[in-house]
Amino acid sequence: MAKDAINGARTRFGNQRSHALNSSRRSWKPNLQKVTVKINGSAPKKVYLTARTLKAGLKNGSIERV
Numbered sequence: 032m033a034k035d036a037i038n039g040a041r042t043r044f045g046n047q048r049s050h051a052l053n054s055s056r057r058s059w060k061p062n063l064q065k066v067t068v069k070i071n072g073s074a075p076k077k078v079y080l081t082a083r084t085l086k087a088g089l090k091n092g093s094i095e096r097v
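If you read the sequence shown in the working numbering, its first letter stands for residue 32, the second for the next number, and so on.
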């Protein structure tokens, strides 16, 4: 199972609830993208990042896309 290289986001599990409050197991998967980036000026590296982490990192300058 892949996970985010920076914040460790993985698949999360919980219950799906119907109107009658019947429950069945379901999962929420993060939007993982495989990208080549420089993290804090390091050498270019292929890592999995969530779209949310990538967007935030590009905005604040801690991640540079190669």
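Glycine included, every Cβ here is placed at the ideal spot set by N, Cα and C.
- Residue pairing of T67 in beta bridges, as defined by DSSP: K77.
- When only Cα atoms are considered, A87 and L80 end up about 11 Å apart.
- By the neighbour-count criterion, in which a residue is buried when 16 or more other Cβ atoms sit within 10 angstroms of its Cβ, L85 is buried.
- The beta carbon of S93 sits closer than 8 Å to the beta carbons of I70 and N71 from its chain, once the five residues preceding and following it are set aside; these are given in chain order.
- Residue burial annotation: P61 is buried, with at least 16 other C-beta atoms found within 10 angstroms of its C-beta.
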